[in-house]
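Trainee:
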Amino acid sequence: MSAYLEKLFSLENKVALITGAAGGIGRALAEALYHAGAHVALSDINTDALAEIKEGLGDRASVFKLDMVDFDSFDAVVEGVSKISGRIDILVNCAGINKREGFVDVEESTYDKIMNINLKGAFFLSQAVAPYMKAQQGGSIINIGSHTTGAALGGVSVYGASKSGLMSLTRSMAVEWAKYNVRANCLSPGHIKTELTVPTWAHPERSKYLLDRIALNRPGFPEDLIGLIILLASDASSYISGQEFRIDGGFLAGGQPWPYDTKF
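Numbering (this note's numbering), first residue to last: 2 to 265.
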């Protein structure tokens, strides 16, 4: 069994570039890809955090400073990653920011910052990676979406628009680059508990609102995403492209049921 699963899901000899690797979700995904055998190129603007993550992993991890709004730097970073072993097999667009405020309260500078990092940055970084995947005739791009691509919440208008745009880009990548055996999919987490979302889960009204609507009746955690990231990065998903996968504990399925009669 172990040999069979290793053959199916192993990322040995593959190179993965992951943005936002210093964050809670990004770190968990990077560690998962590493332990599945990949050389992981950790990228983020917070290089101190990346150095600490690399120290906990080992020689198959590299650190690259990447500012997602410095679009002119993308080519140099991608070229540096490609020199690890002459290829880039996996790109995980995980970097993202948010600011919770009402629709009419959003200033143009906030709108531009969220869109530039979450959508424009992912667009042009994917554009920079694509020629390498074309040359090697294969690759997997995994965009990290959001619950907000399927359901709106108050105070996340710009964030939701950026993530919905990212899902649309996923389909475009899948259609245009399929002839080079490059696949693109979107992994959309539900309400995941990280350092950034502690205020939400500590809020008595917001946490109750969420738990009432999550069928599994608990927050998600970054570790809940690692099975799917390995699937989408590996050859086990060689015929999967252009899809969105939700890890939301059953939120969009209907959440907690109303009272009903049952023998179970």
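Idealized CB from N, CA, C, for every residue including glycine.
(1) Would you say the beta carbon of residue 100 is closer than 7 Å to some non-hydrogen atom of the ligand NAD?
(2) Residues in its own chain within less than 6 Å of residue 31 by CB, not counting five upstream and five downstream?
(3) Could you please give the first and the last residue of the uninterrupted alpha helix (DSSP H) stretch that includes residue 265?
(4) Let me make sure I understand the geometry here. Which of 258, 74, 223 has the alpha-carbon closest to that of residue 24?
(5) With H, G and I counted as helix, E and B as strand and the rest as coil, what does DSSP make of residue 148?
(6) Starting from the C-beta of residue 230, find all residues in its chain whose C-beta is less than 6 Å away, skip the five residues before and the five after it, and write them out in chain order.
(7) Would you report the Cα separation of residue 184 and residue 241, rounded to the nearest angstrom?
(8) Thinking C-alpha only, which one of 85, 190, 115, 137 is nearest residue 143?
(9) Whose C-beta lies closer than 8 Å to the C-beta of residue 124 among residues of the same chain, with five residues either side of it excluded?
(10) Alpha carbon to alpha carbon, how far is residue 119 from residue 160? Give it in angstroms, no decimals.
(11) Got a sec, what are the start and stop residues for the alpha helix (DSSP H) residue 239 sits in?
(12) Would residue 188 and residue 226 qualify as a contact pair, given that the criterion is a beta-carbon distance under 8 Å?
(13) Taking the beta strand (DSSP E) that residue 157 falls in, what are its first and last residues?
(14) If you follow the beta strand (DSSP E) that residue 66 is in, where does it begin and where does it stop?
(15) Go ahead and pull the three-state DSSP assignment for residue 99.
(16) Roughly how many angstroms separate the alpha carbons of residue 137 and residue 88, rounded to a whole number?
(17) Compute the beta-carbon to beta-carbon distance between residue 127 and residue 69, rounded to the nearest angstrom, for a pair I have assumed lies under 8 Å.
(18) Determine the contact status of residue 85 and residue 100, defining contact as a CB-CB distance below 8 Å.
(19) DSSP has residue 184 in a bridge; who is on the other side?
(20) Only counting runs of 4 or more residues, tell me where the alpha helix (DSSP H) segments fall wholly within the stretch 187-245, in order along the chain.
(21) Report yes or no: do the stretch 200-209 and the stretch 258-265 share at least 3 C-beta pairs separated by less than 8 Å?
(22) Considering only DSSP beta bridges, list what residue 44 is partnered with.
(23) Measure the C-alpha to C-alpha separation of residue 251 and residue 215 and round it to an integer number of angstroms.
(24) Whole angstroms is fine: what's the gap from residue 75's alpha carbon to residue 26's?
(25) Rounded to whole angstroms, what's the CA-CA distance from residue 48 to residue 236? Just pull it up for me.
(26) Please classify residue 16: does DSSP put it in a helix, a strand, or coil?
(27) Do residue 145 and residue 97 have their beta-carbon atoms positioned less than 8 Å apart in this structure?
Mentor: In terms of the structure at hand:
(1) As presented, the structure is devoid of all ligands, the ligand NAD included, so that no description of it is given.
(2) Here residue 31 is taken as the residue at index 30 of the sequence shown, counted from 1. Excluding sequence neighbours, residue 31 sits near 19, 22, 41, 43.
(3) As a first step, residue 265 must be located in the sequence shown, where it is residue number 264. Counting along the chain, residue 265 falls outside any alpha helix (DSSP H), and DSSP gives it neither H nor E.
(4) To locate residue 24, count along the sequence shown from 1; it is residue 23. Nearest of 258, 74, 223 to residue 24, Cα basis: 223.
(5) If you number the sequence shown from 1, residue 148 lands on position 147. DSSP places residue 148 in the helix class (H, G or I) of the three-state scheme.
(6) Reading the sequence shown from its first residue, position 229 is the one you call residue 230. Taking C-beta separations shorter than 6 Å and ignoring five residues to either side along the sequence, the partners of residue 230 in its chain run 30, 33, following chain order.
(7) For the purposes of this step, residue 184 is taken as the residue at position 183 of the sequence shown. For the purposes of this step, residue 241 is taken as the residue at position 240 of the sequence shown. The alpha-carbon separation between residue 184 and residue 241 amounts to approximately 7 Å.
(8) Within the sequence shown, the letter at position 142 stands for residue 143. Nearest C-alpha to residue 143: 190.
(9) What you label residue 124 is simply residue 123 of the sequence shown in a count that begins at 1. Hits under 8 Å: 170.
(10) In the sequence shown, residue 160 corresponds to position 159, counting from 1. In the sequence shown, residue 119 corresponds to position 118, counting from 1. Straight-line measurement puts the Cα of residue 119 at about 8 Å from the Cα of residue 160.
(11) For the purposes of this step, residue 239 is taken as residue 238 along the sequence shown, with counting starting at 1. Neither: residue 239 is in no alpha helix (DSSP H) and is coded neither H nor E.
(12) Taking the sequence shown and counting its residues from 1, the one referred to as residue 188 is at position 187. Taking the sequence shown and counting its residues from 1, the one referred to as residue 226 is at position 225. A Cβ-Cβ contact shorter than 8 Å links residue 188 with residue 226.
(13) Looking up residue 157 in the sequence shown gives position 156. Note, residue 157: premise wrong, no beta strand (DSSP E); not H, not E.
(14) Along the sequence shown, one-based indexing puts residue 66 at 65. For residue 66, the uninterrupted beta strand (DSSP E) segment begins and ends at 62-66.
(15) Working through the sequence shown from its first residue, we reach residue 99 at position 98. DSSP, read as helix, strand or coil, puts residue 99 in coil.
(16) One-based indexing of the sequence shown puts residue 137 at position 136. One-based indexing of the sequence shown puts residue 88 at position 87. Going by the C-alpha atoms only, they are around 7 Å apart.
(17) Position 126 of the sequence shown, counted from the first residue, corresponds to residue 127. Position 68 of the sequence shown, counted from the first residue, corresponds to residue 69. That belief does not hold up - the Cβ atoms of residue 127 and residue 69 are roughly 12 Å apart, past 8 Å.
(18) Numbered from 1 along the sequence shown, position 84 holds the residue referred to as residue 85. Numbered from 1 along the sequence shown, position 99 holds the residue referred to as residue 100. With respect to the 8 Å criterion, residue 85 and residue 100 are not classified as neighbours on the basis of their beta carbons.
(19) The residue you call residue 184 lines up with position 183 of the sequence shown. Per DSSP, 141.
(20) When DSSP assignments are scanned along the stretch 187-245, the uninterrupted stretches of alpha helix (DSSP H) that are 4 or more residues long and fall wholly within it turn out to be 199-203, 205-214, 227-234.
(21) Touching, no.
(22) On the sequence shown, position 43 is the one that residue 44 refers to. Bridge partners of residue 44: 65.
(23) On the sequence shown, residue 251 is found 250 positions in, with the first residue counted as 1. On the sequence shown, residue 215 is found 214 positions in, with the first residue counted as 1. Looking at the two C-alpha atoms, the distance is approximately 6 Å.
(24) Residue mapping note: residue 75 aligns to position 74 of the sequence shown, counting from 1. Residue mapping note: residue 26 aligns to position 25 of the sequence shown, counting from 1. In a straight line, the C-alpha of residue 75 is about 22 Å away from that of residue 26.
(25) In the sequence shown, residue 48 corresponds to position 47, counting from 1. In the sequence shown, residue 236 corresponds to position 235, counting from 1. When rounded, the separation of the alpha-carbon atoms in residue 48 and residue 236 is 31 Å.
(26) Your numbering for residue 16 matches position 15 in the sequence shown. Of the three classes helix, strand and coil, the one that applies to residue 16 here is strand, per DSSP.
(27) Counting from one through the sequence shown, the residue named residue 97 turns up at place 96. Counting from one through the sequence shown, the residue named residue 145 turns up at place 144. The beta carbons of residue 97 and residue 145 sit closer together than 8 Å.
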